Every structure is written in structure tokens, then in C-alpha cells.
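Below: the structure, in C-alpha cells.
Number of protein chains: 2
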Amino acid sequence: MEPCFLTAAAAAAQIRDRKLTCEALVRSCLARIAERDGDVRAWSYVDPAHAIAQARELDKRPATGPLHGLPFGVKDVIDTADMPTTQNSPQYQNHRPAKDAGCVAVVRQSGSVILGKTDTVEFAAGGRKALTRNPHNLAHTPGGSSSGSGAAVADFMVPLAFGTQTGGSQIRPASFNGVYAIKPTWGAVSREGAKLCSAYCDTVGWYGRSVADLKLVAEAFRFRDLAAQQPVSVKGLRVAVCKTPYWDKADASGQKALATAAGRLERAGARVQELELPPKFGGMNHAQRTVMQGEGGPAFLPEALTFGAILHEEFRGMADNKLEITGAMMVESYDLIADCAKTFDSICRDYDVVVAPATPGEAPEGLQSTGDWVFNAMFTALHTPCVAIPCIKGAKGLPVGIQIVGPRYTDARLLAVGAALAPVIDVDGTH
Amino acid sequence: MEPCFLTAAAAAAQIRDRKLTCEALVRSCLARIAERDGDVRAWSYVDPAHAIAQARELDKRPATGPLHGLPFGVKDVIDTADMPTTQNSPQYQNHRPAKDAGCVAVVRQSGSVILGKTDTVEFAAGGRKALTRNPHNLAHTPGGSSSGSGAAVADFMVPLAFGTQTGGSQIRPASFNGVYAIKPTWGAVSREGAKLCSAYCDTVGWYGRSVADLKLVAEAFRFRDLAAQQPVSVKGLRVAVCKTPYWDKADASGQKALATAAGRLERAGARVQELELPPKFGGMNHAQRTVMQGEGGPAFLPEALTFGAILHEEFRGMADNKLEITGAMMVESYDLIADCAKTFDSICRDYDVVVAPATPGEAPEGLQSTGDWVFNAMFTALHTPCVAIPCIKGAKGLPVGIQIVGPRYTDARLLAVGAALAPVIDVDGTH
């Protein structure tokens, strides 16, 4: 098998056992990119010579961290010292940060090769869409805003890649591309050097092709309690299936994904119950949107003042507070979110895990829309960890995933539960 | 009068009326720095030729924004594209960011001259102290971590300067140096390009020598409701004097400052009442510390991995979670803070403004300690706007201020109230 088809965890093991060199893995990824990226267009920047040089250096050294030799893609709203960071904005095409973002520094120091930058929705917040196409069907979006990262991992161009989520930008592309992803607890990963949109919502996460892949990266970030986790048995596991207050937005494929996941878990011996959230959660998406847009004003004011009329109108609109979001609306939203976060954590005590839709269904056709993030916004604002797991192929033959969710700061436990659930939910094991 | 002694508001008016050039103002500030900074050591970087060149360019143009021609100091944890950003860290001595921080871009585009970088506690979070000395008595600290910014504004070296507050780094130096400061509502000013310590607490603010100075900068940041504010009369104003749950930490000078402010307001016709916060607020400082240190782990992990043993042990300690802060402790702290924030806003409905201590008293002797931030941590975590107002000279002849506080997102109203209260509280009008 070509090394690019290995999961990160499998590649790491082969590198550790000296059955695979980092250089061979990088070359395989680069060959895959050369072969496929003319169609998929996941990458905004790759410098093959630089990637190979990094890999050779790593091959000379003993393993320095959990990600030794593993190539990593970086969403192009995240700063890299050795590559441009364009934000997919016409105003940043030649921008070269002086310093790696915090998350990039962590994986680089943990042995990763930064393979390149992946295309993104402009500033991960609006404006221009990525050029990336869904590798399962090029006529469809891969989702956004982490478009390139989701597609690149799905298409075997790189085993791991960073995304970010402010609304639904990490988990939605995972579902649309049939890959795994984690949006960690807010605050558990440094957001320094990733474009600011909403300090309250912005969260750095990553893609992989297995839960073990996601966990490898979590080790690099020293997530709490990782070492203390015991293997989880699906038998008897208390699973809450939560349709969320937005279930009417799920189409037939989205409904089928959740029902299929629930059915598979039940047949595997889990105790599956439906969880209906209290009515106040119905205001969560509106609150998330208010906070995101309201904080987006100050966040895009520097760009609005610096670039004026050439800046995309969506960002000027935020800086101008076109939605007329008042301070009272902000406070009301923060307070509702905080109240629901406390309630959600408390509800979670009765279950081992919450299973929820990741997207309304399959990836829409065309690149004009990156799809609806109605099932993501609430969990972003709640600051809860979410792990996306592929589940079915929908009516159009495209992947649809689900997400598992836990209370804040239980990322390690959620990954342990995910490791048990994934083989049951993702039976086709596309990856 | 030498232009450097003008407040920002007075200088702006003279520049607008063409009685003062930007170049003359900058030259006056530079002369003051040349005269005084050998003693005060507020600045880590000043390039006089560059500052004068910026000023000359501005003198050629019509006013472009509310800060036209006003020199601005920038705390050296905040990125500047045309100057180093050293973080006062041995590991960043030669660091040159490729891009201005969001807050710097806003004031630059609003007409400010970036005069230079001001010394700071390392990363604004621990480690090395600034070399800055209190201009009122060089044997004393100016406070921290915004040491240089507070001292530079106090010593007439620059009319305006950015600071940051994660614990008490904005308001405390204001009190110790006898200047005005605002710590805005969290989220109202972009924190992009300022060193990350705690995303939940980090707040960019600024110093001036009058409330009108603070308001000028707030205009540049387009604070909500500024234009709608009516002049406030002290007569009949409902003032809550809040000793906070930490009143036992106030020394005689600190107690005198609060009592003096209350007495002056009462004599001016305000309806002054004492406000005792509910018992749960007693846990606020502990919660703030837990959140700050707990988020500091992920925030300093990139530095810990990159620099290893040469990084100051305080930051390695955070990255290693030496305080053993658990996820449950984080969640408990966030939930207490959110609960208290809602309560505080609700309490504020019965008053026009809350007056609280800014520091326990005068600036301590020596530079080993930057003083206690016991009266700041709670309000940082609550995300409420705070404005520091000078009040008295303490037992050692050093300034002691107080702070006025309002509910979240009422910064404009707080500045309007502050404009009315300042002449009453700051009768000596040192600035």
C-alpha cells in the first residue's frame, strides 16, 4: 500500500518500527497531491522541496514527539513561519508571518512535517469561498470553512490537518468528506496565530482518518487525563441520541445517518436513549450567531480600516455592525450560553456520551454554499468537545457523519469512547 | 506649555485647530523621553527618526480619524509591524512581527503615530519584570504587567498607550502611576496580535491623562452607544461603593482612597450607598486564577516545546500544569464566573455606577513585586468595563486611584459617568 493511504496512527507505528521513513511518507503524500489536487484543489501552498527537506532532517533524528514524521496540513488562516498565510483574502496574498501559530509550533515540535497550507473560506468567516471540491464528487462542496483540510485528509493527500470552528467549520467538512475530526473543548488548544473572528467561539481542531489519529495529536497538545483512560466497551454504554432543537433541518440522509448510528450502537449492546434538551436550548444557535457577529465587529475593524472598500463587504458589514447587534443582545446571548453549558454538562452525567447530527445531510452541490452549520453552532458556543465519525453514504452517494459530544474538558474520555464507537458506527470503514 | 504635557484630548484639539503640528508634539514627547527615560525606563524601543517621519506624513494629510497626530505607546507584548516585539522575553529579543496587532492597526489607521514599545512583565504573565520605575518615586514599582505604558503616560512621555489585563495589569498601574485607564468589556477590542495567556481573561485597554483621552480612543474602536451619551450630572447620581470581598487586603492608603472618593461624591450631591456583593463573589478571584492558569497551560505549551529549559520556569510550570488544575476545576470556575457576571449586571440596574478599589494602596517599594491585583482579578473575569481614576496621594506620597465599574457592554455610559465623576474624585487634577 502506498504510504499516503495509511492512517496517521498506522504511519506513526511504521515509522517507529523503522518500516517507513518520513521521507517516503512525505513523497507519497506529495505524489498523491500531484495526481489529485488539480481536481480537488485542497491546497493553497505546497513546497515539495521544503517538505522533503524537513522529512530528511526528521529521518536523521530519533523520535522527538508523538507526531514524529507525520505530515500535517494547516488551514490557511493559521500562521506558519515558513509559508505564506493568505487567509484566502486578496489582501493577504503575499503575507508571510514571522512566527508559527501556537498550534503549528506544538505539532512541529512534536515531530510533524508541515506539508503545506490548505484552502479556506476567507478569514474562515465569510467572503470568498475556497476553490476546494469534494473528493467524493467534484461537483459538490467539501464544506467549509476548513474546506481544504477536510478534503485533503479525505483524499489521502495528508494524514492530519488543522481546521478551525467558529460556527461549524471543523465538524461539517468532516461529515461531508467522510473523515474524523475533533473540535476540542474551547481553551484546550492555543488559538494564538489563527485569525480572530470570535474569541468566545473560535476553536482550533484537526482532522484524521481514525479516532487513534485524533488522539495522537491530542497527546502532542497534552490533553488532560489521556493516560488515565481505560478501554471502553460499547456493551452497556449509556448513549444519548440528541436530535437537537434543529432536527427539522435534517434531510432524509441526515436523519438516516443518526438513526443508523443509533441502530448500530443498540445492536452492539449500547443502552441507547433519546435525549430531548430543555426548551432554552432552542435559543442557542441564535445566541451563537449574535456572539459571533457581535465579536466579529471588533475583530474585523482593523481590516476594515486598513483596506477600506477593497475588503469584502461581509467583513465591512461586521465592522460596521450592520446587523445592529446591541450590547444588551450580546450580554443576553452570553448568559443564555453559559446557562445552557452548565445544564448540558449536568445532563451529560446521566450518559456516557451524546450522539448528535453533524450536518443536515450530504454536501450540497456546487461551491457557492459550504452547507448549513445548524447542528454545529450550538456546540461551538457551549465549548463542549465534539468528535465527528463517518457513518453512511447518503442518497447521492456522498458521506454523512455524526458527532459525539461530551461535557467540557472531557476530551480524553470522549476520544476513548469514540475509539470504541467508531468501528460500530463507521462499519464501512471508508478510511 | 511643552506639548508633551497636554492631554491627548487637548493636543487633538490644538492639532485640529492647527495650533500644533503632529511633528512638534512627537518631538516634545521624544525630548521628554530623552530627558527622563534613563531614570524611568518605560520604553523598550523608540526610533526617533521613524516617529518623526510618521508625524511629518500625518502633518501633510487632512485628519483621517479621531486620533490624528497623537503619539501612542504600545506595550511590548502587542505586535507592531515596524518595530520589534520582544515580550520582554530573552527568547524574543529579535522578533519582528510581519503585521500589526488588531488594536495597533486601528489606532494607526485612526491617525496615531506609534511612538515606540513600552516595557512589560515577560509575556504579560510572569517571568522577568520590566525595568520600569515609578516616575513619582523611582524606588517604587509602577505596577505591572503594563509597567512601561502606565509610567510613560504618567511621566508625560506619551499621551496614550496600550496595556493589557489578564489579572490586574491595566488598572493597577493606572492607580500606582496616577493616570486614567480603561479596561473595556471583554470582546469589545480585538485581542489579535497580543500575546495569548488566557483567552477568557485577556483584555486590551489603554491609558490616558483624562477620561476625554480614554474616550477619544474608544471612538477609534467604535464603541457602541458613544454618540448617544448625554452629559451626566453628579447630583443625584446613584453611586454604589463596593469594597469587594477582598477589602481586608486594602491598606490605610487604599482605604483612604475609596473613602475619599465616596466622600467627595457625596459632597457633590451623589447618592452614595455601600454595596455588599453576595457571598458567591468571594470565590471570584480563585476562579479567575484557575481559569488564567488553566488556560495558560495550552497558551505557553508552544513556547515550552520550542524553547525547553531556557524558557522561564513560570511558563514551563503553566505548560506542565504544575498547579494540577483539573478539567472539573476549570468548568466550576467558568460556571461561577458566568453566574456572578449575570448577578453583577443585575445588581448594577439599581445604580448608575459602581466605585471600587483599584489597588490595595500605593505602589510597593522595589521592582521585585509589581503589587497585588486582588481588586482587579474579579472584574477581569466578569468581563465588565473598568475605568481607573486617580484619587489621592497615600502615606508615602504616591498616587492611589479608584476604579469605576459598569455592567458588560456599557463602556460608553461608563465613560460618560467617568467624565462627570473625574473632576470630583481627582480634585488635585495631577494630570
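Chains U and Z supply the protein sequences, listed in that same order. Count along the first sequence from 1, add 18, and you get the number used in my numbering. Count along the second sequence from 1, add 18, and you get the number used in my numbering. Glycine included, every Cβ here is placed at the ideal spot set by N, Cα and C. Bear in mind the structure is a predicted one, so any value in this text is a computation, not a measurement.
Residues of chain Z with a CB under 9 Å from the CB of residue i: which are they?
{"i": "residue 201 (chain U)", "result": "Residues of chain Z passing the Cβ test: none, with the nearest at roughly 15 Å."}
{"i": "residue 239 (chain U)", "result": "316, 319"}
In three-state terms, what does DSSP make of residue i?
{"i": "residue 449 (chain U)", "result": "Reliability fails at residue 449 (chain U), whose pLDDT of 47 lies under 50, so the model's placement of it is uncertain and no value is given."}
{"i": "residue 156 (chain Z)", "result": "coil"}
{"i": "residue 242 (chain U)", "result": "coil"}
{"i": "residue 299 (chain Z)", "result": "helix"}
{"i": "residue 64 (chain U)", "result": "strand"}
{"i": "residue 391 (chain Z)", "result": "coil"}
{"i": "residue 226 (chain U)", "result": "strand"}
{"i": "residue 406 (chain Z)", "result": "strand"}
{"i": "residue 411 (chain Z)", "result": "strand"}
{"i": "residue 183 (chain U)", "result": "strand"}
{"i": "residue 54 (chain Z)", "result": "helix"}
{"i": "residue 78 (chain Z)", "result": "helix"}
{"i": "residue 90 (chain U)", "result": "strand"}
{"i": "residue 428 (chain U)", "result": "coil"}
{"i": "residue 102 (chain U)", "result": "coil"}
{"i": "residue 287 (chain U)", "result": "coil"}
{"i": "residue 343 (chain U)", "result": "coil"}
{"i": "residue 151 (chain U)", "result": "coil"}
{"i": "residue 293 (chain U)", "result": "coil"}
Please report how far the alpha carbon of residue i lies from the alpha carbon of residue j, in whole angstroms.
{"i": "residue 407 (chain U)", "j": "residue 434 (chain U)", "result": "13 Å"}
{"i": "residue 380 (chain U)", "j": "residue 390 (chain U)", "result": "10 Å"}
{"i": "residue 415 (chain Z)", "j": "residue 53 (chain Z)", "result": "23 Å"}
{"i": "residue 437 (chain Z)", "j": "residue 126 (chain Z)", "result": "25 Å"}
{"i": "residue 156 (chain U)", "j": "residue 70 (chain U)", "result": "29 Å"}
{"i": "residue 403 (chain U)", "j": "residue 316 (chain U)", "result": "27 Å"}
{"i": "residue 269 (chain U)", "j": "residue 275 (chain U)", "result": "10 Å"}
{"i": "residue 449 (chain U)", "j": "residue 168 (chain U)", "result": "Summary for residue 449 (chain U): the model assigns pLDDT 47, below 50, so the residue's position carries little reliability, and this model does not support an answer."}
{"i": "residue 207 (chain U)", "j": "residue 310 (chain U)", "result": "19 Å"}
{"i": "residue 112 (chain U)", "j": "residue 95 (chain U)", "result": "13 Å"}
{"i": "residue 103 (chain Z)", "j": "residue 171 (chain Z)", "result": "20 Å"}
{"i": "residue 214 (chain Z)", "j": "residue 222 (chain Z)", "result": "11 Å"}
{"i": "residue 48 (chain Z)", "j": "residue 68 (chain Z)", "result": "11 Å"}
{"i": "residue 327 (chain U)", "j": "residue 365 (chain Z)", "result": "43 Å"}
{"i": "residue 216 (chain U)", "j": "residue 35 (chain U)", "result": "43 Å"}
{"i": "residue 56 (chain Z)", "j": "residue 120 (chain Z)", "result": "31 Å"}
{"i": "residue 393 (chain Z)", "j": "residue 211 (chain U)", "result": "31 Å"}
{"i": "residue 77 (chain Z)", "j": "residue 218 (chain Z)", "result": "40 Å"}
Name the chain U residues that come within less than 8 Å of residue i, Cβ to Cβ?
{"i": "residue 127 (chain Z)", "result": "320, 323, 324"}
{"i": "residue 113 (chain Z)", "result": "116, 117"}
{"i": "residue 120 (chain Z)", "result": "214, 316, 317, 319, 320"}
My understanding is that residue i touches residue j, with C-beta atoms under 8 Å, so please give their C-beta distance in whole angstroms.
{"i": "residue 142 (chain U)", "j": "residue 163 (chain U)", "result": "4 Å"}
{"i": "residue 257 (chain Z)", "j": "residue 289 (chain Z)", "result": "7 Å"}
{"i": "residue 224 (chain U)", "j": "residue 134 (chain U)", "result": "That belief does not hold up - the Cβ atoms of residue 224 (chain U) and residue 134 (chain U) are roughly 15 Å apart, past 8 Å."}
{"i": "residue 79 (chain Z)", "j": "residue 41 (chain Z)", "result": "Contact doesn't hold; Cβ gap of about 13 Å is too wide."}
{"i": "residue 430 (chain Z)", "j": "residue 373 (chain Z)", "result": "Actually they do not touch by this definition, with Cβ atoms about 18 Å apart."}
{"i": "residue 146 (chain U)", "j": "residue 330 (chain U)", "result": "7 Å"}
{"i": "residue 375 (chain U)", "j": "residue 312 (chain U)", "result": "Incorrect: roughly 26 Å between the Cβ atoms, too far for contact."}
{"i": "residue 426 (chain U)", "j": "residue 359 (chain U)", "result": "7 Å"}
{"i": "residue 286 (chain U)", "j": "residue 442 (chain U)", "result": "5 Å"}
{"i": "residue 84 (chain Z)", "j": "residue 237 (chain Z)", "result": "4 Å"}
What residues from chain U crowd round residue i, counting only those whose CB sits closer than 7 Å?
{"i": "residue 363 (chain Z)", "result": "349"}
{"i": "residue 123 (chain Z)", "result": "320, 323, 324"}
{"i": "residue 313 (chain Z)", "result": "205"}
Along chain U, which residues have their Cβ under 9 Å away from the Cβ of residue i?
{"i": "residue 356 (chain Z)", "result": "352, 353, 355, 356, 357, 359, 360"}
Please list the partners that residue i has in chain Z, where partner means a Cβ-to-Cβ separation under 7 Å.
{"i": "residue 428 (chain U)", "result": "345"}
Using the beta-carbon of each residue, which ones in chain Z are nearer than 8 Å to residue i?
{"i": "residue 209 (chain U)", "result": "214, 217"}
{"i": "residue 242 (chain U)", "result": "339, 344, 345"}
Nearest chain C C-beta to residue i closer than 8 Å, yes or no?
{"i": "residue 423 (chain U)", "result": "In the structure shown, chain C does not exist; the protein chains are U and Z."}
Exercise. Does the stretch 383-394 of chain Z come close enough to the stretch 342-351 of chain Z that 3 or more CB-CB pairs lie under 8 Å?
Worked result: Segment contact: the stretch 342-351 of chain Z against the stretch 383-394 of chain Z, fewer than three CB-CB distances shorter than 8 Å; contact not assigned.
For this session: Check whether the stretch 22-30 of chain Z touches the stretch 176-185 of chain Z, taking contact to mean three or more Cβ pairs, one atom from each stretch, closer than 8 Å.
Result: Between the stretch 22-30 of chain Z and the stretch 176-185 of chain Z, the count of C-beta pairs closer than 8 Å reaches three or more; the two stretches touch.
Exercise. Between the stretch 101-119 of chain U and the stretch 182-199 of chain U, do at least 3 Cβ pairs fall closer than 8 Å?
Worked result: Between the stretch 101-119 of chain U and the stretch 182-199 of chain U there are fewer than three C-beta pairs closer than 8 Å, too few to call the two in contact.
Problem set entry | Contact between the stretch 389-403 of chain U and the stretch 420-427 of chain U (3+ Cβ pairs under 8 Å) | Output reads yes: the stretch 420-427 of chain U touches the stretch 389-403 of chain U.
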